[in-house]
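Residue numbers (this note's numbering): 59 to 650. Positions of the beta carbon are idealized from the N, C-alpha and C atoms, including for glycine. Notes follow the structure.
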């Protein structure tokens, strides 16, 4: 993606989420330019007053005016800086919020595509490690003020000598070339540091976080971790030392060039005072104007160009950010469509599927139909395609071939929001959030139905546990975020996830191995309780254990991504097949 396109993305984003920042930027540039002009002309004003033998009252008036102007400009500059610092911080958080919203709204298939995952990670790395957004904003401020000041000073220098002005700019440009070469070298060093920092971060995370501490203590891993951290520190120091050496050389070259410009400026301006051979003679007051203007010309010229170089560098870092922002949203893909009431039937018709950037088909020509109110158990070995079927039903992915019909209509034709409203799913990797228990259960926009929540908690045998908490259903989860939060056991968390699914009252409910971490008896109890609570809703169960299949109407047996059978438990047990083998093997283990 071109950097101009990336810049356009961020300008649009900033104007949309923080338009006042643009006005602050312009106001800041005006104040800085005014300050520079005042500083350039103050010495001339005073020297001309001395050479013209002005009265003391005149000097007093001028000095008070200068002091007042400088004070007013300084007060304005401080006010704008505070406003800009606040706005920049707010803007940075708003941009990060926009990125978070994008991750949550992007079509899910991209979140399991290695190509887009890499873009997302590079975007996060740029924001977190390079501070790219903050630096981009700071350099934009610098560039805007430098350009406005430069335009004013060029006018002053042009009146002094157009040729000398161009010569000064040409020599100053040499410092820009030196800095550009240094930034290029810096990029190479940073590229070397990225994998080292990632490795260092991994070791530091394991040494610092609570999770691995039991293993670290039991297996004496502390010495190995410290050794690895020290090793990575040495590598970082080596590359940073090289960077400092190059930075020192670059600064030395630039200072030499700037000193040469200053020497030439003083000599030329002095000659203009002494003789008219190089142009109209000037007074001592004008001498100070042109000396100050020349220095400001070089400073603002270098500042503008350096800002451009830095902006281009940060736009390079943020290219991945802009690329990810352009990834289509689920809402964009399904903003319109047919409305959907309850789900009456679900039919897979010759469905084949492969994941993004993956060659083998996970599902191959799968066909089956589920009717309203049925209890279906999906059974198969690992990687048979069980969870993939759930993802397809939930429209997290689209079939590579074939179609999925709900009530006889291709699910892609339904409005996505309507469609998802009819599905409740408890995934194996379900998530509870650091909200209150009530907020974790009621995830819709409407106000929570407290009586309904309490009834569901009673149905899943959680009433006593919740009532013992100081704040009941208003207790927050996750002690790592809130000191007053409560901790729940694995089984209790799973019950809360199931309560969330029941509260939604969708016409289709799916359990995708959420109880895999529980023992067989606990899992069987949860499935049996859940089955009695589902009522007339259609239910799909996925489990490696066969306990859930006993109370199901039919079992969908998957083998190598294909439908091996779709029948009742009784019928499947009458013939030799994978389901019968798995069932008998597990039964034998449990009996032992």
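Roughly how many angstroms separate the alpha carbons of residue 428 and residue 636, rounded to a whole number?
Cα to Cα, the separation comes out at about 21 Å.
Quick one: using the 10 Å Cβ neighbour count with 16 as the cut-off for buried, is residue 546 buried or exposed?
Around the C-beta of residue 546, 16 or more other C-beta atoms lie within 10 Å, and the residue is accordingly described as buried.
Contact set for residue 138: own chain, Cβ-Cβ below 8 Å, skip 5 residues either direction
Closer than 8 Å at the Cβ level, and outside the excluded window around residue 138, lie 82, 85, 86 and 89.
Does the beta-carbon distance from residue 680 to residue 412 come in below 7 Å?
Nothing about residue 680 can be reported from this structure: the residues present for the chain run from 59 to 650 only.
Please name the residue, chosen from 328, 369 and 336, that lies closest to residue 349 on a Cα-to-Cα basis.
Per the Cα distances, 328.
In the DSSP assignment, the alpha helix (DSSP H) including residue 309 goes from what residue to what residue?
First-last of the alpha helix (DSSP H) with residue 309: 280-332.
Check whether the Cβ atoms of residue 437 and residue 570 lie closer than 7 Å to each other.
One thing to note: residue 437 has its Cβ no nearer than 7 Å to the Cβ of residue 570.
In angstroms, rounded to a whole number, what distance separates the CA positions of residue 148 and residue 229?
Taking the straight line from one Cα to the other gives about 40 Å.
Going by DSSP in three states, residue 617 sits in which element: helix, strand or coil?
Under the three-state reduction of DSSP output, residue 617 falls in the strand class.
Alpha carbon to alpha carbon, how far is residue 60 from residue 373?
Approximately 9 Å between the Cα atoms of the pair.
How long is the line joining the alpha carbons of residue 175 and residue 356, rounded to whole angstroms?
Rounded to the nearest angstrom, the two C-alpha atoms are 44 Å apart.
Could you check the C-alpha separation between residue 364 and residue 190 for me, to the nearest Å?
In a straight line, the C-alpha of residue 364 is about 16 Å away from that of residue 190.
Just the C-alpha distance for residue 589 and residue 422, rounded to the nearest angstrom, thanks.
Those two C-alpha atoms are separated by around 30 Å.
Let's test the definition: count the other Cβ atoms within 10 Å of the Cβ of residue 296 and tell me whether it reaches 16, buried, or not, exposed.
By the Cβ-count criterion, residue 296 is exposed, with fewer than 16 other Cβ atoms from all chains shown falling within 10 Å of its own Cβ.
So, using beta-carbon positions, are residue 129 and residue 93 closer together than 7 Å?
No. Outside cutoff.
Which runs of the alpha helix (DSSP H) fall wholly inside the stretch 441-495 and span at least 4 residues, in chain order?
Inside the stretch 441-495, DSSP marks whole alpha helix (DSSP H) runs of 4 or more residues at positions 444-451 and 474-479, from first to last along the chain.
Pairwise C-alpha distance: residue 254 and residue 294:
Cα to Cα, residue 294 sits roughly 7 Å from residue 254.
Take every Cβ of the stretch 93-110, pair it with every Cβ of the stretch 206-214, and state whether three or more of those distances are shorter than 8 Å.
Under the Cβ criterion (8 Å, minimum of three pairs), the stretch 93-110 counts as touching the stretch 206-214.
Looking at the structure shown, is residue 550 part of a helix, part of a strand, or coil, going by DSSP?
In this structure, residue 550 counts as helix in the three-state DSSP scheme.
Tell me, please, which residues DSSP counts as bridged to residue 638.
For residue 638, which the question treats as bridged, DSSP gives no partner whatsoever.
For residue 344, count neighbouring Cβ atoms within 10 angstroms of its own Cβ and tell me buried if that reaches 16, exposed if not.
Around the beta carbon of residue 344, 16 or more other beta carbons sit within 10 angstroms, so the residue counts as buried.
May I ask you to list the residues that DSSP assigns as paired with residue 436?
By DSSP's assignment, residue 436 forms a beta bridge with 600 and 614.
Consult DSSP for residue 167 and reduce its assignment to one of helix, strand or coil.
DSSP places residue 167 in the helix class (H, G or I) of the three-state scheme.
Where do the N-terminal and C-terminal ends of the beta strand (DSSP E) with residue 526 fall, by residue?
For residue 526, there is no enclosing beta strand (DSSP E), as DSSP marks it with neither H nor E.
Residue 407 - partner residues in DSSP beta bridges:
DSSP lists 461 as partners of residue 407.
Where does residue 533 sit, in a helix, a strand or coil, going by DSSP?
Residue 533: coil per DSSP, three-state reduction.
On the CB-based measure, 16 or more other CB atoms within 10 Å of its CB, does residue 245 come out buried or exposed?
Per the 10 Å Cβ criterion, exposed.
Three or more C-beta pairs closer than 8 Å, one from the stretch 533-540 and one from the stretch 472-481: is that the case here?
Counting Cβ pairs under 8 Å, fewer than three are found: no touch.
Close Cβ partners of residue 173 (< 8 Å) along its chain, the five nearest in sequence each way excluded
Contacts found: 414 and 415.
Could you tell me the alpha carbon to alpha carbon distance between residue 500 and residue 194, rounded to whole angstroms?
Distance between the alpha carbons of residue 500 and residue 194: 40 Å.
Rounded to the nearest angstrom, what separates residue 181 and residue 332 at their Cα positions?
Computed Cα separation, rounded: 60 Å.
Taking DSSP's pairing of strands, which residues face residue 387 in a bridge?
In DSSP, residue 387 forms a bridge with 164.
Stretch-stretch touch, CB-based, cutoff 8 Å, three pairs: the stretch 548-562 with the stretch 512-526:
Yes, since at least three Cβ pairs between the stretch 548-562 and the stretch 512-526 fall closer than 8 Å, the two stretches touch.
Spatial neighbours of residue 400 within its chain, please: C-beta separation below 8 Å, excluding the five flanking residues on both sides.
Taken in chain order, the residues that qualify are 430, 480 and 565.
So, is residue 201 buried or exposed, given that buried needs 16 or more other C-beta atoms within 10 angstroms?
Around the beta carbon of residue 201, 16 or more other beta carbons sit within 10 angstroms, so the residue counts as buried.
Helix, strand or coil at residue 420 [DSSP, three-state]:
Looking at residue 420 - three-state DSSP - the assignment turns out to be coil, as it is neither helix nor strand.
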